[in-house]
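Encoded as structure tokens, the structure appears first; notes follow it.
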Amino acid sequence: MRPKRAKHFEAMSELVPAWRRRTFSIAALRREAQRVLPRPIFDFADGGAEDERTLHRNEAAFSELSLVPRPLRGSAERDLSVELFGKSLRLPVLIGPTGLAGLFWPGGECATARAASAAGTIYCASHASVVPLETIAACGASPRWMQVFVYRDRGFTRDFAERAAAAEFDALVLTIDNQLTGNRERDLRNGFTIPPRFGPIALAGMALKFGWFIRMRHELRRVTFGNYVDRLGASDIGTIAQRMPSLLDPSLSWRDVDALRNWWRGPLLLKGVLHPEDAKEALARGVDGIIVSNHGGRQLDGAVASVAALPAVVEAVAGRIPVLLDGGIRRGADVIIALALGARACLIGRPHLWGLAVAGEVGVTHALELFRREIDRVMGLCGITRIAEIGPDLLMRR
Ligand SMILES: Cc1cc2nc3c(=O)[nH]c(=O)nc-3n(C[C@H](O)[C@H](O)[C@H](O)COP(=O)(O)O)c2cc1C
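In our numbering, the protein residues as written are 1 to 398.
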């Protein structure tokens with residue numbers, strides 16, 4: 001006969017949903033997302049531009065760096081909090097802007113924003129959210145940031161900034177690496193369209209992803225670019241998506257950064273900086289924060305891995321404004337490496353979408369909790385009690 005205690009734990013483990021038992025890491029969460037999502041939608045998030053060299057480089061570059069622990073410093077209690085623009089965060093991992101989160105789960109943006117708030121971190125809304133930014137603000141997520149682009153019609157960019165201010169977003173993020181749309185060949189191969197159109201083959205595939213289809217069947221008709229519909233008068237997302245390349249202005253320049261600086265009074269961050277001279281220029285023009293990023297390898301294939309570009313950018317700004325990093329963050333140790341190289345915090349893109357796809361708000365909470373636990377464990381094993389103690393002495397190349 002089995003002991004009573006064993007039976008008790010068996011019963012307890014049955015209460016934990018199967019997906020949660022399987023997703024003990026971000027990599028496992030990705031596999032679970034792949035299992036539940038229709039292929040074109042999984043690939044839309046998972047894929048990168050062209051040969052996906054930069055996508056893979058982002059993750060691989062973390063393996064070039066090793067941690068050199070000093071366990072004798074006593075680290076029984078660990079504090080993971082960081083400060084950013086006057087706000088204290090309980091976790092140095094932010095939710096980065098990702099378009100069309102509402103394709104992964106009904107109400108995907110609000111679900112993610114709520115999970116971020118509960119975890120004590122920042123949610124950055126994307127220009128391409130399914131619901132308008134005002135709806136995200138009404139979900140009560142705090143702190144919240146808003147990501148924008150520069151459009152040929154500069155009035156539209158200004159509109160975004162003014163709407164974000166009216167909806168009390170805490171910071172504005174100007175993404176600078178997306179003025180031309182990246183060439184994502186998985187999307188081409190899958191015939192991925194926005195909104196997803198289902199031919200007989202796609203429908204057959206959909207039947208295999210029953211849970212997603214049942215959840216999303218009514219939503220699919222409502223999936224749109226919520227921030228654009230009023231302005232462009234086109235409720236058909238397909239029309240807006242097709243017009244996007246002609247809306248964005250590849251002649252983007254520092255003058256646009258100056259203009260945005262005038263329109264937006266709160267913290268302004270540039271996302272997509274990889275060159276130290278651009279970081280210096282941003283500093284000179286009154287930008288408040290830099291996000292070192294290559295858009296998760298979704299734009300310029302062949303671009304440097306973001307973590308490889310980080311040290312030069314950190315050196316260029318010399319501690320005068322916070323530098324953040326995204327791209328390839330999959331483990332708590334990756335976050336610690338980025339912080340040791342001088343980042344104030346990291347953002348995640350795909351990992352939270354995988355959580356969202358698997359279990360909505362609970363899934364995003366789970367993804368953030370995986371990071372929290374791993375960061376805490378790495379700090380403990382390295383003999384670190386506070387984030388401020390993390391420095392370059394913790395690292396060795398290879
Ligand atoms: C599905 C998807 C949509 C994205 N949409 C946006 C966007 O609208 N604006 C933006 O600045 N970045 C966008 N990004 C890039 C992310 O903000 C982030 O830079 C990138 O995902 C980080 O890399 P990671 O996915 O390896 O964490 C998107 C990324 C993904 C995966």
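We put the beta carbon where it would ideally sit given N, CA and C, even for glycine.
An exposed status is given to residue 218, since fewer than 16 other beta-carbon atoms sit within 10 Å of its beta-carbon. Unbroken beta strand (DSSP E) runs of no fewer than 3 residues, entirely contained in the segment 297-342, are found at 323-326, following chain order. Taken through DSSP and simplified to helix, strand or coil, residue 145 comes out as strand. By the neighbour-count definition (other C-beta atoms within 10 Å, threshold 16), residue 24 is an exposed residue.
Residues 383 of the same chain have their beta carbon placed closer than 7 angstroms to that of residue 73, with the five preceding and five following residues left out of the count. One alpha carbon belongs to residue 300, the other to residue 76, and they sit about 43 angstroms apart.
No Cβ-Cβ contact shorter than 7 angstroms links residue 291 with residue 339. Relative to the Cα of residue 178, the nearest Cα in the group 345, 113, 245, 232 belongs to 245. The beta carbon of residue 29 lies closer than 8 angstroms to those of 23, 351, 354, 355, 358, 363, 366, 367, 370 in the same chain, with the five residues before and after it left out.
CA-to-CA, the gap between residue 89 and residue 143 works out to about 9 angstroms.
Fewer than three beta-carbon pairs drawn from the segment 183-200 and the segment 79-95 are found closer than 8 angstroms, and the two stretches are therefore not classed as touching. According to the DSSP secondary-structure assignment, residue 397 is paired through a beta bridge with 65. One thing to note: residue 322 has its Cβ no nearer than 7 angstroms to the Cβ of residue 226. Relative to ligand 1, the nearest heavy atom lies less than 6 angstroms away from the CB of residue 128.
Sequence-distant partners of residue 343 (beyond 5 residues in either direction) whose C-beta falls short of 7 angstroms from its own C-beta, in its chain, are 310, 323, 324, 325. Boundaries of the alpha helix (DSSP H) around residue 157: 154-166. In the three-state reduction of the DSSP assignment, residue 128 falls in the coil class. In this structure, the CA atom of residue 252 is about 13 angstroms from the CA atom of residue 272. A distance below 8 angstroms between beta-carbons, with the five flanking residues on each side excluded, links residue 347 to the following residues of its chain, in chain order: 93, 94, 95, 96, 124, 291, 293, 324, 325, 326, 329. If you check the CB distance, residue 297 and residue 184 do not come in under 7 angstroms. In this structure, DSSP gives residue 94 an extended state, which the three-state scheme calls strand. If you compare the alpha carbons of 163, 220, 318, 221 with that of residue 228, the shortest gap goes to 163. Nearest to residue 307 by alpha-carbon distance, out of 319, 275, 318, is 275. Look at residue 100 here: in three-state DSSP terms it is coil, with no helix or strand label. Residue 103 places its beta carbon less than 7 angstroms from that of residue 223. For residue 84, there is no enclosing alpha helix (DSSP H); the residue is part of the beta strand (DSSP E) that begins and ends at 82-84. DSSP, read as helix, strand or coil, puts residue 386 in strand. Between residue 268 and residue 172, the C-beta spacing is below 7 angstroms. Of all alpha-carbon atoms in 385, 388, 331, the one lying nearest the alpha-carbon of residue 372 is that of 331. A Cβ-Cβ separation of about 5 angstroms places residue 141 in contact with residue 117 under the 8 angstroms criterion.
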